[in-house]
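Please read the structure below before turning to the comments.
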Amino acid sequence: MTDSNRTEPLYLQIADRLARSIRAGTLARGERMPSVRDLARQEGVSQSTVVQAYHWLEDARLIHAKPRSGYFVQSRPEPLPEPKASRPSGRCCSVRVGDLGREVLNLAAQQNMVSFGAACPGPEMFDQERVRRALTRVVTRQRDLLCTYPLGSGREEARRAVARHGLSLGCVLHADDIVMTNGCMESITLCLKTVTQPGDVVALESPTYFGFLEILQSLHLRALEIPTHPRHGISVDALQLALETQDVKAVLVVPTLSNPLGACMPVLERKRLAQLVAAHDIALIEDVIYNDLAEQDDKRRAVKSFDTTGHVMLCGSFNKTLAPGLRLGWVEAGRWSAPLRKIKDVQSGAQTAVLEVALADLLSQAGNEAALRQMRASIAARVDEARGLIAQSFPKGTRVTDPAGGYILWVELPGGLDAVALYEACLAENICIAPGQMFSVSPRFRSFIRLGVGGRWGPEHPAALRRIGALVQALLDAPGLVAA
Ligand SMILES: Cc1ncc(COP(=O)(O)O)c(C=O)c1O
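Quick note: the sequence shown uses our numbering, first residue 1, plus one each step.
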């Protein structure tokens with residue numbers, strides 16, 4: 001039944017519940033949906049509300065209408081095998097990342113490139129009109145803002161809005177404990193600067209986001225890669241063993257929709273993780289940048305929600321979900337709040353106040369949850385399409401993740417194919433992908449590629465995915481290009 005305490009429109013509540021049932025397989029593909037009249041009666045809503053919900057599901061390509069027959073669950077792509085759990089060496093090492101990651105990011109942004117290289121949604125995924133209106137409201141109503149020197153940890157209205165946003169992560173946050181930043185990466189850098197010294201060891205997922213490796217390198221920190229499962233993320237058992245045997249100063253994880261795996265830790269493992277870092281009296285730096293993109297509520301819950309001792313430093317931003325152009329992030333640093341604040345003041349001072357107030361305005365507007373749902377649905381349709389194309393066009397033996405949200409696919413190439421060779425073959429045809437080598441301090445992922453499918457999308461993108469599949473086959477057939 002619909003929940004009268006929720007603020008989003010009734011049709012979205014119904015559509016969201018049905019979408020979850022379809023993705024969970026409760027409503028199987030090809031199955032007929034309840035008739036509009038029956039569902040309206042069952043839910044106690046008007047038929048037009050159900051029609052609106054069905055239109056939304058059609059937009060998300062989860063159902064389709066057949067003339068004079070009703071609505072049916074859309075076929076989802078055939079299941080593909082997923083990559084196996086990772087097994088890094090268990091030894092910490094200093095980080096030396098080359099220029100490959102930056103090269104990929106720069107190429108991915110070029111207009112002539114058909115790009116799967118970046119992990120960022122395209123502009124059409126955002127409600128641009130809402131963002132523009134919020135900014136205009138602020139500039140018109142608070143005319144002195146642009147000429148007032150911004151100081152401190154961020155505008156109070158922005159910090160309050162972030163604290164409210166914390167509720168969706170299952171956390172009770174206080175505006176006074178929040179520091180606004182230039183994005184999640186600045187938040188993470190500040191946390192690492194606060195709790196580590198050069199030479200210290202930081203434990204992180206294997207594979208991990210290459211930007212984290214760049215930060216570790218710049219701060220002269222050593223990386224200890226921890227095994228991960230493609231759907232459940234970091235192994236808390238393996239992390240526990242590492243903490244018992246090595247001198248780890250901090251743990252850096254993305255528990256929801258990690259990059260590049262798209263894994264989500266089960267709730268009980270999140271709780272164990274919070275207890276583990278408290279028992280070892282070390283910091284857990286938790287990146288929640290993708291939590292809003294997870295399809296199910298329980299996957300949005302932060303490890304921080306289980307933190308009773310202040311050992312979790314929570315880092316987020318709105319660059320993937322609301323407006324990347326605002327470039328705003330935040331951190332709630334738990335027991336390290338005071339030293340982190342000092343480092344932030346010295347390092348970069350405050351952000352642009354107009355942008356922070358616009359962010360607060362956007363986060364407080366009623367349409368925010370509806371816009372997020374729309375984004376999740378569009379992304380899910382995109383990911384289904386991409387996985388379907390991979391299933392059809394890549395050679396047998398290819399493995400790919402099935403993330404519970406987000407737009408990143410992690411693909412294991414068959415036959416030990418060298419991902420850099422594939423990257424170069426793709427570039428020659430103006431297609432950009434991210435080779436697996438970027439996501440580890442070791443060459444362990446040299447037969448993997450990351451495909452970001454949330455960016456600009458036209459007819460050339462499905463064609464390019466098919467072409468990548470053909471190039472994989474061609475390289476497999478060409479001697480000398482397969483990794484030793
Ligand atoms: C896991 C993760 N954290 C942080 C970032 C970057 O965050 P921001 O743009 O807010 O600095 C990215 C970007 O891809 C990411 O994948």
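For every residue, glycine included, the Cβ atom is placed at its ideal position computed from N, Cα and C.
Residue i: CB within 7 Å of a non-hydrogen atom of ligand 1
i, result
"residue 254", "yes"
"residue 287", "yes"
"residue 106", "no"
"residue 388", "no"
"residue 264", "no"
"residue 313", "no"
"residue 209", "yes"
"residue 119", "yes"
"residue 317", "yes"
"residue 438", "no"
"residue 154", "no"
"residue 259", "yes"
"residue 329", "yes"
For residue j and residue i, believed in contact at Cβ under 8 Å, the rounded distance
i, j, result
"residue 387", "residue 409", "7 Å"
"residue 213", "residue 288", "So it is not a contact: roughly 20 Å between Cβ atoms."
"residue 86", "residue 206", "5 Å"
"residue 33", "residue 63", "6 Å"
"residue 192", "residue 202", "7 Å"
"residue 119", "residue 452", "5 Å"
"residue 161", "residue 364", "6 Å"
"residue 125", "residue 378", "6 Å"
"residue 314", "residue 253", "So it is not a contact: roughly 11 Å between Cβ atoms."
"residue 90", "residue 181", "Not confirmed; about 33 Å, so no contact."
"residue 291", "residue 256", "5 Å"
Reference residue i, options the options, closest by Cα
i, options, result
"residue 142", "406, 361, 384, 446", "361"
"residue 376", "435, 296, 94, 154", "296"
"residue 435", "66, 43, 108", "108"
"residue 356", "334, 198, 319", "319"
"residue 469", "477, 390, 418, 57", "390"
"residue 331", "227, 116, 176", "176"
"residue 415", "429, 384, 447", "447"
"residue 404", "150, 9, 24, 30", "24"
"residue 269", "237, 44, 50", "237"
"residue 58", "248, 75, 343", "75"
"residue 327", "183, 179, 235, 19", "183"
"residue 475", "159, 420, 273, 73", "420"
"residue 197", "124, 181, 210, 220", "220"
"residue 334", "148, 308, 325, 443", "308"
"residue 111", "122, 102, 101", "122"
"residue 354", "151, 38, 105", "151"
"residue 339", "194, 181, 302", "194"
"residue 56", "454, 19, 458", "19"
"residue 463", "431, 455, 449", "431"
"residue 286", "234, 43, 29, 472", "234"
"residue 116", "208, 465, 473, 324", "465"
"residue 455", "472, 383, 424, 437", "383"
Bounding residues of the beta strand (DSSP E) (the contiguous stretch that carries residue i)
i, result
"residue 283", "283–287"
"residue 109", "Run containing residue 109: none; DSSP gives neither H nor E here."
"residue 315", "312–317"
"residue 249", "248–253"
"residue 63", "63–66"
"residue 70", "70–73"
Spatial neighbours of residue i in its chain, beta-carbon cut-off 7 Å, leaving aside the 5 residues before and after
i, result
"residue 275", "none"
"residue 401", "82, 83, 230, 261, 262, 409, 410"
"residue 174", "163"
"residue 343", "190, 193, 194"
Same chain, Cβ closer than 6 Å to residue i, five either side skipped, listed in chain order
i, result
"residue 1", "Confidence at residue 1 is low in this model, with a pLDDT of 45, below 50, so the placement of that residue should be treated as unreliable; the coordinate-derived value is given next. Excluding positions up to five away in sequence, the list is empty."
"residue 83", "230, 399, 412"
"residue 52", "11"
"residue 127", "371"
"residue 135", "358"
Cβ neighbours of residue i in the same chain (closer than 8 Å, five flanking residues each side left out)
i, result
"residue 266", "232"
"residue 222", "92, 93, 94, 95, 199, 200, 201, 202, 216"
"residue 47", "36, 37, 40"
Segment limits, alpha helix (DSSP H) that includes residue i
i, result
"residue 172", "Segment: none, residue 172 is in no alpha helix (DSSP H) and carries neither H nor E."
"residue 330", "Segment 329–332 is the beta strand (DSSP E) holding residue 330; no alpha helix (DSSP H) there."
"residue 210", "210–218"
"residue 56", "47–59"
"residue 95", "Looking at the DSSP string, residue 95 is not in any alpha helix (DSSP H), and its letter there is neither H nor E."
"residue 11", "10–24"
"residue 133", "128–141"
"residue 388", "368–393"
heavy atom of ligand 2 below 7 Å from residue i C-beta
i, result
"residue 185", "No copy of ligand 2 appears in this structure; the ligands present are ligand 1."
is_contact[residue i, chain D] using C-beta, thresh 8 Å
i, result
"residue 230", "The structure shown contains no chain D; it holds only a single protein chain."
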